[in-house]
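Enquirer:
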Amino acid sequence: MAVLQWKLSRVIFVLLIIGISSFLIYFQFGNSFSASPALERLQDVFSKPSVQEYDYLVPLDEDMQGLSTTYHQATINEDDPQEPKSHEIVILLASDGRSSGNMAPETFNQCIENRINYAKHHNYGFEYVNVSQMNIPPVWAKMPAIIQTMNKHPHAKWIWWLDQDALILNTELSIQEHILSPDVLVEKLMKNEPMISPFSADLERLTPSSYTVDSARSLGLLISQDLNGLNAGSFFVRRSPMMALFLDLWGDKSFRENKVADHEQALLGYFVRYHPEIAAIIGILPQTLINSYPVGQPEMGWKEGHLVIHFAGCWVENRCQVLWDEYRERVH
89 MAVLQWKLSR VIFVLLIIGI SSFLIYFQFG NSFSASPALE RLQDVFSKPS
139 VQEYDYLVPL DEDMQGLSTT YHQATINEDD PQEPKSHEIV ILLASDGRSS
189 GNMAPETFNQ CIENRINYAK HHNYGFEYVN VSQMNIPPVW AKMPAIIQTM
239 NKHPHAKWIW WLDQDALILN TELSIQEHIL SPDVLVEKLM KNEPMISPFS
289 ADLERLTPSS YTVDSARSLG LLISQDLNGL NAGSFFVRRS PMMALFLDLW
339 GDKSFRENKV ADHEQALLGY FVRYHPEIAA IIGILPQTLI NSYPVGQPEM
389 GWKEGHLVIH FAGCWVENRC QVLWDEYRER VH
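Right under this line is the structure:
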C-alpha cells in the first residue's frame, strides 16, 4: 500500500510540474505565436454551427473536377425579400455530355434549354459539369460535381441537383414558394415518415414528428423517396462545410469498390440505416413535390401543375424517348 501511495505521489508531482511549465511557457511566449490566416479562417468556420453557409470549402483534387460551364449566372439582388434569395439557388446538371436512356442526341440540348429557361425566369444560377474526364461512373460523379459547384458559387445557399432524364414542367413555380421558404419547408417536410432503405429490413427509422423553422435549418439534404427508398434524381443540398464533407464521404470510392451498395442512392440508404447522425440531416419531401414519375400511385405519379417529372426507369420498357417527347410538349 505504501508503495502504491508513493507511485501515485510521483505521478501527481510530474503532472503538477508539467502544468506549471505549460502555464509559464504560454505566459512568456503565448502572445508571440500567431496562426496563419488560412488556419484562422478554417478555425472560424468550424467554430460556428455547421448548418450555416460560409465561403470556405476545401478545393477538390484535380482528377475529381469536371469541365464546368455556367449557363446562367444569377443577378445578385440583396434587396430580394425571399428566403433564400433567388441568386442563392443554383440548379446543377452533371453528366458525360451524352443523352441518357437511349434517347436521341438532341435531348441533351433540350435538357440544357429547359434548365436555362427556368433559371432565367426566376433568377437562379444554372451550372453544368461535364464529368466525362473523371475515371468513375457518372452516377458517382454527382457528389464531386456538387462540391465543385459549391466552390464555384460561394454566394449560393442551396444547390438543386436534377438528373438529365427529368424535365421542369411548371416553370411558373418558384423554388422558394414551393419548397425552400422556411415556413413552407416546415409545412412540406414529412413527419413520422419511415425512411425507406434496402438495408432497413430490421429497423424502421422515422423522420421527426414535428419541425420548427430552427430545427429545419439543421437539415442539409432535402430529398424524396419511392417504394425502393431515397431517390437521388432530384434533391437539394445546403451549401456548408458539413455538407461538403458529407458529399466527400458519400462519393468515397471504397464504398463502390467494396460493393457496399450498387449505386449512389443505395449507399444513401446504407447511411440512413447505419448512421443516425446522417439520417438526422436528411429531410424527406413528398415525392410529387420535386420528383414526380410519369406513372405510379397517387403519391408518386405526375399531375398537371407539378414542378418536375422524372423518367426514372424508363429504359426498362424502352420508353424514354416517347415519354420525353410527350411531356416536353407540356412544359409551360
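Numbering-wise, my numbering comes out as the position in the sequence shown, counting from 1, plus 88.
Beta carbons are placed, not taken as given, at the ideal position from N, Cα and C, and that holds for glycine.
This structure is a prediction, so every number in the text was calculated from the model and none was measured.
(1) Using a threshold of 8 Å, state whether the C-beta atoms of LEU181 and GLN252 are closer than that.
(2) Going by alpha carbons, who is nearest to SER312 out of ARG203, LYS279, MET330?
(3) Count the C-beta pairs between the segment 410 to 419 and the segment 265 to 278 that are closer than 8 Å, then say yes if the count reaches three, no if not.
(4) So which of THR157, TRP338, THR295 has the shortest CA-CA distance to HIS421?
(5) So what's SER285 in DSSP terms, helix, strand or just coil?
(6) Could you spell out where the beta strand (DSSP E) holding SER156 opens and where it closes?
(7) Just to check my reading of the structure: GLN353 and GLN236 have Cβ atoms closer than 8 Å, yes? What is that Cβ distance to the nearest angstrom?
(8) Between the alpha carbons of LEU268 and GLN198, how many angstroms are there, rounded?
(9) Would PRO270 and GLU171 be called neighbours here (beta carbons separated by less than 8 Å)?
(10) Between PHE111 and the rest of its own chain, which residues show a CB-CB distance below 7 Å, the 5 nearest in sequence each way excluded?
(11) Using the Cβ count rule (16 or more neighbours within 10 Å means buried), how would you classify PRO382?
(12) Which stretch, first to last residue, makes up the beta strand (DSSP E) that contains ALA349?
(13) Just to confirm, is the Cβ distance from GLY357 to GLY389 under 8 Å?
(14) Quick check on ARG326: does DSSP put it in helix, strand or coil?
Expert: To lay it out plainly:
(1) Translated into positions along the sequence shown, residue 181 becomes position 93. Translated into positions along the sequence shown, residue 252 becomes position 164. Result yes, Cβ atoms of LEU181 and GLN252 sit closer than 8 Å.
(2) Residue numbering aside, residue 312 sits at position 224 when the sequence shown is read from its first letter. Taking only the C-alpha atoms, the option nearest SER312 is LYS279.
(3) no
(4) Given a span of 89 to 420 for the chain in the structure shown, any question on residue 421 remains unanswerable.
(5) Locating residue 285 in the sequence shown gives position 197, counting from the first residue. In the structure shown, SER285 sits in coil (DSSP, three-state: anything other than H, G, I, E or B).
(6) By one-based count along the sequence shown, residue 156 stands at place 68. Looking at the DSSP string, the run of the beta strand (DSSP E) that includes SER156 is 155 to 160.
(7) If you number the sequence shown from 1, residue 353 lands on position 265. If you number the sequence shown from 1, residue 236 lands on position 148. With a Cβ gap of about 20 Å, GLN353 and GLN236 do not count as contacting.
(8) Start at 1 with the first residue of the sequence shown, and residue 268 comes out as number 180. Start at 1 with the first residue of the sequence shown, and residue 198 comes out as number 110. Distance between the alpha carbons of LEU268 and GLN198 is about 26 Å.
(9) Within the sequence shown, numbered from 1, the residue matching residue 270 stands at position 182. Within the sequence shown, numbered from 1, the residue matching residue 171 stands at position 83. Contact: yes.
(10) Looking up residue 111 in the sequence shown gives position 23. The pLDDT assigned to PHE111 is 42, lower than 50, so where the model puts this residue is not dependable; a value taken from the coordinates is nonetheless given after this. Nothing meets the Cβ criterion.
(11) Mapped onto the sequence shown, residue 382 falls at position 294. Label assigned to PRO382: buried.
(12) Here residue 349 refers to the residue found at position 261 of the sequence shown. In the DSSP assignment, ALA349 falls outside any beta strand (DSSP E) and carries neither an H nor an E.
(13) Taking the first residue of the sequence shown as position 1, residue 357 is located at position 269. Taking the first residue of the sequence shown as position 1, residue 389 is located at position 301. For GLY357 and GLY389, no; Cβs fall outside 8 Å.
(14) Walking along the sequence shown from the start, residue 326 turns up at place 238. Looking at ARG326 - three-state DSSP - the assignment turns out to be strand.
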